[in-house]
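**Q** Those protein sequences? They're chains X and L, same order as listed. In terms of our numbering, the first sequence is residues 1 to 326. In terms of our numbering, the second sequence is residues 327 to 686. I am attaching a structure below and will ask some questions about it afterwards.
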Amino acid sequence: MAPPPQGFRLPKPIRRLQRQAPIYALQTLSGLSTRLRDITGREVLDMNRIMEVVQFVYQQRELARRGANYAVDDFGFDAQWTESFITVFKSLYRDYWRVETVGVEHVPPTGRALLVANHAGVLPWDGTMIKTAVYTEHSHPRHVRALVASQFMGMPVMSWFLRRTGQAVGHPDDTRRLLERDELVLVFPEGTRGTGKSFRDRYRLRRFGRGGFVATAIRARAPIIPVSVVGSEEIYPMVGDLRPVARLLGLPYFPVTPFWPWLGPLGMIPLPSKWRIQFHAPIDVSDLSFKDADDQHQVMALADEVRDTIQRGIYDNLKLRRGVFL
Amino acid sequence: MTPKRVLVTGVSNPLGAEVARRLSPQVPYLFGCDIADPISALEGMDFVHADTRLSVIGKLIRQLKIDTLVHLAVLIDSPHDSRSVHETNVIGTMNVLVGCAAPSSAVRRLVVKSSQAVYGAGPNDPSFFSEDMVNFDKVASGLTRDLLEMEQLVSEYTLRNESCDPTVLRLGLRVSEGTSLARYLSLPIVPTFAGFDPRLQLMHEDDAVEAIVRATMGHHPGVFNVAGDGVVLLSQAIGVMGGSPAPILPPYGRWLARLALRMFAGIDLPAHLADIMAFGSVMDCSRLESSFAWKPSYSSRQAMDALAVGKQIELIEAPSPPQEYELQVYLQQRRRRERHLSPSGAARHLPINGEEFQKN
Numbered sequence: 001m002a003p004p005p006q007g008f009r010l011p012k013p014i015r016r017l018q019r020q021a022p023i024y025a026l027q028t029l030s031g032l033s034t035r036l037r038d039i040t041g042r043e044v045l046d047m048n049r050i051m052e053v054v055q056f057v058y059q060q061r062e063l064a065r066r067g068a069n070y071a072v073d074d075f076g077f078d079a080q081w082t083e084s085f086i087t088v089f090k091s092l093y094r095d096y097w098r099v100e101t102v103g104v105e106h107v108p109p110t111g112r113a114l115l116v117a118n119h120a121g122v123l124p125w126d127g128t129m130i131k132t133a134v135y136t137e138h139s140h141p142r143h144v145r146a147l148v149a150s151q152f153m154g155m156p157v158m159s160w161f162l163r164r165t166g167q168a169v170g171h172p173d174d175t176r177r178l179l180e181r182d183e184l185v186l187v188f189p190e191g192t193r194g195t196g197k198s199f200r201d202r203y204r205l206r207r208f209g210r211g212g213f214v215a216t217a218i219r220a221r222a223p224i225i226p227v228s229v230v231g232s233e234e235i236y237p238m239v240g241d242l243r244p245v246a247r248l249l250g251l252p253y254f255p256v257t258p259f260w261p262w263l264g265p266l267g268m269i270p271l272p273s274k275w276r277i278q279f280h281a282p283i284d285v286s287d288l289s290f291k292d293a294d295d296q297h298q299v300m301a302l303a304d305e306v307r308d309t310i311q312r313g314i315y316d317n318l319k320l321r322r323g324v325f326l
Numbered sequence: 327m328t329p330k331r332v333l334v335t336g337v338s339n340p341l342g343a344e345v346a347r348r349l350s351p352q353v354p355y356l357f358g359c360d361i362a363d364p365i366s367a368l369e370g371m372d373f374v375h376a377d378t379r380l381s382v383i384g385k386l387i388r389q390l391k392i393d394t395l396v397h398l399a400v401l402i403d404s405p406h407d408s409r410s411v412h413e414t415n416v417i418g419t420m421n422v423l424v425g426c427a428a429p430s431s432a433v434r435r436l437v438v439k440s441s442q443a444v445y446g447a448g449p450n451d452p453s454f455f456s457e458d459m460v461n462f463d464k465v466a467s468g469l470t471r472d473l474l475e476m477e478q479l480v481s482e483y484t485l486r487n488e489s490c491d492p493t494v495l496r497l498g499l500r501v502s503e504g505t506s507l508a509r510y511l512s513l514p515i516v517p518t519f520a521g522f523d524p525r526l527q528l529m530h531e532d533d534a535v536e537a538i539v540r541a542t543m544g545h546h547p548g549v550f551n552v553a554g555d556g557v558v559l560l561s562q563a564i565g566v567m568g569g570s571p572a573p574i575l576p577p578y579g580r581w582l583a584r585l586a587l588r589m590f591a592g593i594d595l596p597a598h599l600a601d602i603m604a605f606g607s608v609m610d611c612s613r614l615e616s617s618f619a620w621k622p623s624y625s626s627r628q629a630m631d632a633l634a635v636g637k638q639i640e641l642i643e644a645p646s647p648p649q650e651y652e653l654q655v656y657l658q659q660r661r662r663r664e665r666h667l668s669p670s671g672a673a674r675h676l677p678i679n680g681e682e683f684q685k686n
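Here it is in structure tokens:
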């Protein structure tokens, strides 16, 4: 950091106060929190949460100090930077959508695996929540590398944010390369057909492409882990699709929800639905050969098996949920 | 086959000059041709003023009995207009290939310079380009289209001639003094496309020279990506150069941004570079590594650091090109005279020299 200009300096007590201010503020808050707990008998101000916010702010300051001295991997993934954002996603995960995750132990602690999930909700929040689930709930925190539709890579802000947090393009070559580096790869075979479906069709899986993900998994000898996500359908109940506007802006769809585009940016706030994520038992493909990867019948059979597992998981978890927002 | 009679086209650009300098102790006969005067005097090289855009280049190749041709007269990063770039890259390469394909030609090895720009850059591209990902049917424009056309010509030539397997080197973006990328990154405030921070793969000039020399001296037929290890984000590259990025260029309608850059910053960012500044372009160089058993010594980050260090070093005034050229002519004349005079030099007498070639 640049030294302050020599000519003008604040008096010493004020400078000391400046330095100590965050500590005084935290002390006051913790005192207030204890008082409120004594008065009301329950946790009103949770000091752990407040400390997380403080930690986040300090982390960001540290990251800004790195300058150009940091390394990204060949895909443009900056692990340190991504981990600093986990705090934000964790509070969404825990407090906003109250995600309940089961079967996270099916994700291997090391080595490659292909996670296959259903895709819903206009914006890909389900991807972030699966990533957060594996990073925070797993005994060996791992970064999941999701594959995104190439349209997002052409969008400003989106493109660098997605790349920097570890995503790659939904191209068979990218899937292969990531799996060969023993990464956890997340794919949404439904693609934009899943995110852009109307609210009426919620929890009905779309077509699973041509099963390309199965062929890639067989070639890379990576187990396939089906993932069912419940709750993502209700975050933006899409009641209409303005095709001409979408075509004009080069988007796959232009959603109309009860709040978007009527309320402007406020309409982009997702609804606080109750989420459940289930990781299913891995499907082993290591006994299949390269020849099976070219066998369309074999590939489609496996893709259907994965699709059925996810669909069944969705119905099971819908039953376990007491209500959309509960 | 070890190269005996080597012709380097485009020897007057810095890359060609450096390749010739490295080749001259290794090969018995070295010739260089270009339309511009050479930028450095080389004792062991015979320089010929010849334009690859004219079919006379074919005659030169045959009559000098060239067995190894290093085709570097391919404009990648030049201030010329698109028309002359097309002429040089496509028509020039065609003339060279016609010269190589003639029945009387002795060419057994051909090294062609190409560029990373052949892949183009767009949001739909995979994260890494491997050599077979070039789509010749792609709707491309500018340099990308010219390079696609050029490489197509080379691959057709490969199919028709079994006696000669060309090596095509797709060189990565080079950051050395004077390239338009280096000038762009050296701005104190660098205007970038709003909301984009692409991955860049860079390469040091020394590695480009080394790759071309290795391709000339060894036998490595095929197409190869050549670039440094790893990637550097655009914002990182700007940070290394000590500037600060200003995300003010509109990401849509990139020609408008290029126009603004030319008008306000005086920097001509070519169309293919503008695409890379938005979407990035990274090549997979594993084929180079396995076939050449060598890989570039500078990683992308090191190439960037080298440029930043070079920026701080004060440039020493080099002798101006005309003086250099006069020196070159003098040396060449002296060599010729020596060859005519000495009896041992007679064996080394060239079948054709500059004057006779002009007569033909």
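Every residue gets a Cβ at the ideal spot worked out from N, C-alpha and C, and that includes glycine.
Per DSSP, M529(L) is paired with what?
**A** Answer is R500(L).
**Q** With a threshold of 8 angstroms on Cβ separation, who are the neighbours of V187(X) within its own chain once the five nearest residues in sequence on each side are excluded?
**A** Cβ neighbours of V187(X) beyond the five flanking positions: L114, L115, V116, A117, A146, L147, G170, T175 and F213.
**Q** Would M529(L) pass as a contact of L507(L) if the rule is Cβ separation under 8 angstroms?
**A** Result no, Cβ atoms of M529(L) and L507(L) do not sit closer than 8 angstroms.
**Q** Between V306(X) and chain L, is any beta-carbon pair separated by less than 8 angstroms?
**A** Not an interface residue.
**Q** So which residues of chain L does S150(X) contact, with C-beta pairs closer than 7 angstroms?
**A** P449 and N450, listed in chain order.
**Q** Would you verify that the beta carbon of L595(L) is, or is not, closer than 8 angstroms to some beta carbon of chain X?
**A** It does not: the Cβ of L595(L) has no partner Cβ on chain X nearer than 8 angstroms.
**Q** Let me confirm a value: P405(L) is counted as buried when at least 16 other C-beta atoms fall within 10 Å, else exposed. Which label applies?
**A** With fewer than 16 other Cβ atoms within 10 Å, it is exposed.
**Q** Residues bridged to H375(L) by DSSP?
**A** Looking at the DSSP assignment, H375(L) forms a beta bridge with D360(L).
**Q** Hey, V516(L) and A572(L): beta-carbon distance below 8 angstroms or not?
**A** Yes, they are a contact pair.
**Q** Which class does T335(L) belong to by DSSP, given the choice of helix, strand or coil?
**A** Residue state, collapsed to three classes: strand.
**Q** Answer yes or no: does any C-beta atom of chain L fall closer than 8 angstroms to that of F8(X)?
**A** Chain L contact via Cβ: absent.
**Q** Name the two residues that bound the continuous beta strand (DSSP E) containing S228(X).
**A** Element bounds for S228(X): I224 to V230.
**Q** Select from the region 167-182 of chain X all residues with a C-beta closer than 7 angstroms to any C-beta belonging to chain L, and list them in chain order.
**A** Here the close residues are A168, V169, H171, D173, D174 and R177.
**Q** Within the region 235-271 of chain X, note down every full alpha helix (DSSP H) run reaching 4 residues or more, in order along the chain.
**A** Counting only runs of 4 or more, we get 243-249.
**Q** Which residues in the same chain have their Cβ closer than 8 angstroms to the Cβ of L479(L), if we skip the five residues on either side of it in sequence?
**A** Taken in chain order, the residues that qualify are V416, T419, M420 and L423.
**Q** When DSSP labels each residue in this structure, what does P492(L) get in the three-state scheme?
**A** It is a strand residue.
**Q** Which parts of the region 102-167 of chain X are runs of the beta strand (DSSP E), unbroken and 3 residues or longer, counting only runs that do not cross its ends?
**A** If we require 3 residues or more, the beta strand (DSSP E) runs fully inside the region 102-167 of chain X come out as 113-117 and 144-148.
**Q** Against chain L, which members of the region 62-87 of chain X pass a CB distance test of less than 9 angstroms?
**A** Of all residues in the region 62-87 of chain X, G67, A68, N69, Y70, A71, V72, D73, D74, F75, G76 and D78 have a Cβ within less than 9 angstroms of some Cβ in chain L.
**Q** With V72(X) as the anchor, note down where its alpha helix (DSSP H) starts and where it stops.
**A** Unbroken run through V72(X): none, as it is neither H nor E.
**Q** Comparing C-alpha positions only, which one of L633(L), I538(L) and R580(L) sits nearest to V437(L)?
**A** When each option's Cα is compared against that of V437(L), the closest is I538(L).
**Q** State buried or exposed for M238(X), treating a residue as buried only when at least 16 other CB atoms are found within 10 Å of its CB.
**A** Label assigned to M238(X): buried.
**Q** Could you compute how far the alpha carbon of A64(X) sits from the alpha carbon of Y70(X)?
**A** If you take the alpha carbons of A64(X) and Y70(X), they lie about 11 angstroms apart.
**Q** In its own chain, which residues sit with a C-beta less than 6 angstroms from the C-beta of A399(L), not counting the 5 before and 5 after it?
**A** T335, G336, T378 and G418.
**Q** May I have the straight-line CA-CA distance separating S198(X) from G191(X), to the nearest angstrom?
**A** Spanning the two alpha carbons is a distance of roughly 14 angstroms.
**Q** When Cβ atoms are compared, which residues of the region 507-523 of chain L fall closer than 8 angstroms to chain X?
**A** Result list: F519, A520, G521, F522 and D523.
**Q** Cβ atoms of P340(L) and I365(L): under 8 angstroms apart, would you say?
**A** Yes, the Cβ-Cβ distance between I365(L) and P340(L) is below 8 angstroms.
**Q** Please name the residue, chosen from Q27(X), W160(X) and D126(X), that lies closest to I235(X) on a Cα-to-Cα basis.
**A** The shortest C-alpha separation from I235(X) is found at D126(X).
**Q** Given a cut-off of 8 angstroms, decide if R321(X) and V227(X) are closer than it, judged by their beta-carbon atoms.
**A** No, they are not a contact pair.
**Q** Hey, is V122(X)'s beta-carbon within less than 8 angstroms of any beta-carbon in chain L?
**A** Not an interface residue.
**Q** Go through its chain and collect everything with a Cβ distance to L333(L)'s Cβ below 6 angstroms, but skip five positions before and after it.
**A** Answer for L333(L): F357, I392 and L395, listed in chain order.
**Q** P547(L) CB to nearest chain X CB: under 8 angstroms?
**A** False, the Cβ-Cβ gap to chain X never drops below 8 angstroms.
**Q** Considering only the beta carbon of each residue, do F519(L) and L575(L) sit closer than 8 angstroms?
**A** A contact, by the Cβ cut-off of 8 angstroms.
**Q** For a contact defined as C-beta to C-beta under 8 angstroms, what are the partners of F504(L) on chain X?
**A** Reading off the sequence shown, one finds Gly at residue 504(L), where the question assumed Phe. Those do not exist, as G504(L) stays about 23 angstroms from chain X at its closest Cβ, beyond 8 angstroms.
**Q** Does DSSP put P435(L) in a helix, a strand or coil?
**A** What sits at residue 435(L) in the sequence shown is Arg, not Pro. Three-state DSSP puts R435(L) in a strand.
**Q** Between the region 578-603 of chain L and chain X, which residues of the former have CB atoms less than 8 angstroms from a CB of the latter, in chain order?
**A** The residues in question: there are none.
**Q** Excluding five sequence neighbours on each side, which residues of the same chain lie with their C-beta closer than 7 angstroms to the C-beta of P449(L)?
**A** Excluding residues within five positions, the ones whose Cβ falls inside 7 angstroms are F605.
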